[in-house]
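Q: Residue numbers (this note's numbering), protein chains in the order written: chain L, 497 to 696; chain F, 497 to 696.
All residues carry an ideal CB built from backbone N, CA and C; glycine is no exception.
1) DSSP three-state label for residue 547/F, please.
2) Anything in chain L within Cβ reach of residue 671/F, meaning under 8 Å, just list it in chain order.
3) Which of helix, strand or coil does DSSP assign to residue 616/F?
4) So, does the CB of residue 674/F fall closer than 8 Å to a CB anywhere in chain L?
5) Is the segment 623 to 642 of chain L in contact with the segment 517 to 531 of chain L, if contact means three or more CB pairs nearer than 8 Å?
6) Within the 8 Å Cβ cut-off, does residue 690/L reach chain F?
7) Starting from the Cα of residue 516/F, find the closest Cα among 668/F, 685/F, 587/F, 637/F and give me that residue.
8) Quick one: grab the DSSP three-state call for residue 659/L.
9) So for residue 527/L, helix, strand or coil by DSSP?
10) Kindly indicate which residue of 538/F, 582/F, 607/F, 525/F has the alpha-carbon position closest to the one of residue 672/F.
11) Mind listing the chain F neighbours of residue 693/L? Cutoff is C-beta to C-beta under 7 Å, in chain order.
12) In or out: residue 625/L buried (at least 16 other Cβ within 10 Å) or exposed?
13) Can you give the Cα-Cα distance for residue 513/L and residue 524/L, rounded to whole angstroms?
14) Since residue 505/L is in the beta strand (DSSP E), which residue starts that stretch and which ends it?
15) Quick one: what does DSSP say residue 696/L is sitting in, helix, strand or coil?
16) Which one of 659/F, 663/F, 622/F has the shortest CA to CA distance from residue 510/F?
17) Indicate whether the contact test is met: 3 or more Cβ pairs, each with one atom in the segment 534 to 542 of chain F and one in the segment 581 to 589 of chain F, closer than 8 Å.
18) What is the DSSP secondary structure of residue 675/F, reduced to helix, strand or coil?
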């Protein structure tokens, strides 16, 4: 059976970076946005549409008539969300069955539970996450500290809702993971060899 | 500064065993019941009395008059509890300043927070904890599965109350630890080298 490492992570905790470095060190495949890329290659869907569905809150399972009656925009319909989730799940399973790999986010720990992946959850305290976001730059440099904190909290709430909706488990609850790593004041280069040992 | 590893653990998760093996592997001191032994050597207190205080629920800080008015037994008085906690804390600090060590339980992660210990939390799913308890034997072999589960839940509730009372933090909440390790279906001999890597 392939070695599969799934990574759940708080925004700003460095989980994605840690996953990428771990895959490099182990010389195995790495999937994050790559899953979206495969999905848009295989379907008619636009990248912006898939990302919007991934990043926003899943609605409760309303019937299509109810959704229309309440004027919910077309791309918010639960059928579309479920379809994207289902197609992403199929890609995740296909990749996991193909070779050893690291998969970030997208409920991979749950989707692949029968393949016994090593399920990591990466987290940190708020100060550390804010510093990491500021150092990384992107679109957060213009934000005040308060706004940045609100953004981090809001993204994690979305992730929690997304995870709970599709898995019926609590996102970040340690019982759903094999190893939870606090990256506060820790360096990636120190953590990678230790995580590697857990995988062997 | 000494290397200090503190271990919080769910009952039956194997946290104590893991701590003992880790100390052996690293060839450093190990403190668990040893803290009680030092305390009773230094004071007039009986071991059974100290264990009772450690293992039962800390009362809210009532005045001595209130405690007497409500007929609360003498050894339940908060002054006695606080005195044992304070003396244990002093011993924990003394040991941590003396040499590298592993310390199990007793809010050591909080007591030694200024010494920057590596704070581990060891947990597992209920089935795994029940199996570990049954294999270990002791006083649980006569219990039905239901009673054993109740015992595990009850001991962890006591630990949670004790920890929250003295630290104002939530026991087992991953943000209070550097590394949370799920021992479900994992072997000690596989985990020790990985934890060792985290310490280096």
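A: So, from the listed chains and residues:
1) helix
2) 619, 621, 678
3) strand
4) yes
5) no
6) yes
7) 685/F
8) helix
9) strand
10) 607/F
11) 689, 690, 693
12) buried
13) 15 Å
14) 500 to 505
15) coil
16) 622/F
17) yes
18) strand
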